[in-house]
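K.L.:
Per our numbering, the very first residue in the sequence shown carries number 3; after that it's consecutive.
Structure below; questions to follow.
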Amino acid sequence: MLEYSFHAPGAPERELAGTGVKAKGVEHVGLLPTGCTTRCTKINKSMYIRKRETYHLLSVKMATSSSHVENYDASKFWIAPARNFRTSARLHLQHFLFQNTIGYLLEPTIEESLAASSRPLNVADLACGNGIWLTELHSHFAKNNISAQLDGFDINPVNFPDAAYLPDSVSIKQLDILAKPLPADLIGIYDMVHIRAFVSVIPDGDLTPILSVASDLLKPGGFLQWEETRGDKWVVESPSPQVSKLACESIVQVLEGGQKAQGINNEWVDVLDTCLGQFGFQDARLLSQKKRKQDYKGWTEDYLMVWEECAAFFPPKSQASNAPLTREVWTEMFANSVKETEQGVAVHQGKVVTVVGRRPQ
Ligand SMILES: C[S@@+](CC[C@H](N)C(=O)[O-])C[C@H]1O[C@@H](n2cnc3c(N)ncnc32)[C@H](O)[C@@H]1O
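This is how it looks when you write it as structure tokens:
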């Protein structure tokens, strides 16, 4: 990311810092903090203009540290005490957005095989959050007269529904699924293991721990189904050229820059079937489904909630006045992003990937 410093002629005290963005091949710079992401047009190498005011560029340099985002450990996000009903509400929304995109709880070939079984099934959902996938699966199985024990595991119980409200067939327990050893009574007992939205917990892209757990829990011949989105890539769309999307693009630039600086890369999501195959799963297949346009608003709201929470990762000006991005600046960028989304700007991650595979017999 580039850091820009400006001053307005005759008003040196109005020195500004801005985040550089490029839109349609023309360089625009969001001026911070006074006019956060208000479009500023480049006139020549050193002059920018915004609302008839001219600003002189003092310097442009590569940001050495974009923010505390670089110190932020995404894998620890979920166990932080700040996770609460808002996180859970977001997961409920995200569940329905996933379902709208892929159209099934169980991938059809897995469902066909499981439905053919005459004995009661065992299904595990790893990192189950508030258990919404399991409770919906319970209703689906009940409608189709499929008998099953449905077990959810998550490291953080804060979002679990009370057991009194869960169907008898659903149990949700606190468990760090990556801690060794796994409870012995769970080994090799599941007909199917489900994983969804676990990408942020694997910042280094090392899939061996999670695939080992899935494989250990499955019976021989059992199925793994994993749905994921790329957490490192965002798409920002404006409904028309007249509607600015600069504030949303600036936020995406900061987040993507922070992840890049940390070496986070989710490219493995696009080749997850190959990863499953290399690990030893059989019949590994990847299905890729584009998000529906009518769901863009819902996805956008889901991400806005994440961005709002991200404010905590930036230092307040009072603690770090020289920080390239203070909490105040982030909050202003966020407020401007919200305004853009109210004009129809959408933020999403393009597609959902489902991968299925089978533990060898
Ligand atoms: C993005 S949420 C997804 C929740 C759920 N799979 C869904 O799709 O609704 C990620 C979940 O992973 C859980 N998690 C993170 N690390 C974990 C670990 N080591 N063991 C178990 N759960 C973990 C978090 O507590 C959080 O509920």
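Even for Gly, the Cβ is constructed at its ideal location relative to N, Cα and C.
Here the structure is a predicted model, which is why all the values come from computation and not from measurement.
Identify which residue in Val331, Trp301 and Gln321 has its Cα closest to the Cα of Cys312.
P.N.:
Selected option, being the one with the closest Cα: Val331.
K.L.:
Helix, strand or coil for Glu239 per DSSP?
P.N.:
Note: Glu239 maps to strand in three-state DSSP.
K.L.:
Between the Cα of Glu109 and the Cα atoms of Leu226, Cys277, Lys353 and Ser120, which residue gives the shortest distance?
P.N.:
It is Leu226.
K.L.:
Is Gln96 a contact residue of ligand 1, with contact defined as CB to any heavy atom under 7 Å?
P.N.:
Checking the Cβ of Gln96 against ligand 1 gives yes.
K.L.:
If you reduce the DSSP assignment to three classes, tell me which class Tyr106 lands in.
P.N.:
If DSSP states are grouped into helix, strand and coil, Tyr106 belongs with coil.
K.L.:
Is any non-hydrogen atom of ligand 1 found closer than 7 Å to the C-beta of Ile157, if you look at the structure I gave you?
P.N.:
Yes, the Cβ of Ile157 comes within 7 Å of a heavy atom of ligand 1.
K.L.:
Excluding sequence positions up to five away, which residues of its chain have a Cβ less than 6 Å from the Cβ of Phe281?
P.N.:
Taken in chain order, the residues that qualify are Leu213.
K.L.:
Distance check for Thr333 and Glu310, CA to CA, integer angstroms please.
P.N.:
So the alpha carbons of these two residues sit roughly 8 Å apart.
K.L.:
Taking the alpha-carbon positions, what's the Asp187 to Ala117 distance?
P.N.:
If you take the alpha carbons of Asp187 and Ala117, they lie about 25 Å apart.
K.L.:
Going by alpha carbons, who is nearest to Arg361 out of Ile191, Ala181, Ser120 and Ala199?
P.N.:
Residue Ile191 is the option with its Cα nearest to Arg361.
K.L.:
Please give the ranges of any beta strand (DSSP E) in the region 100–173, keeping only runs that are unbroken, at least 3 residues long and fully inside the region.
P.N.:
Entirely contained in the region 100–173, the beta strand (DSSP E) runs reaching 3 residues are, in chain order, 123–128 and 150–156.
K.L.:
Quick check on DSSP: helix, strand or coil for Thr356?
P.N.:
If DSSP states are grouped into helix, strand and coil, Thr356 belongs with the strands.
K.L.:
What would DSSP say about Met335, mapped onto helix, strand or coil?
P.N.:
Looking at Met335 - three-state DSSP - the assignment turns out to be helix.
K.L.:
Could you check whether Gln291 and Lys353 sit closer than 8 Å to each other, using their CB atoms as the reference points?
P.N.:
In contact: Lys353 and Gln291 (Cβ atoms closer than 8 Å).
K.L.:
Should the region 172–185 be regarded as contacting the region 98–106, the criterion being three or more beta carbon pairs within less than 8 Å?
P.N.:
Verdict: no, contact absent.
K.L.:
Alpha carbon to alpha carbon, how far is Asp153 from Ala325?
P.N.:
The straight-line gap from Cα to Cα measures roughly 45 Å.
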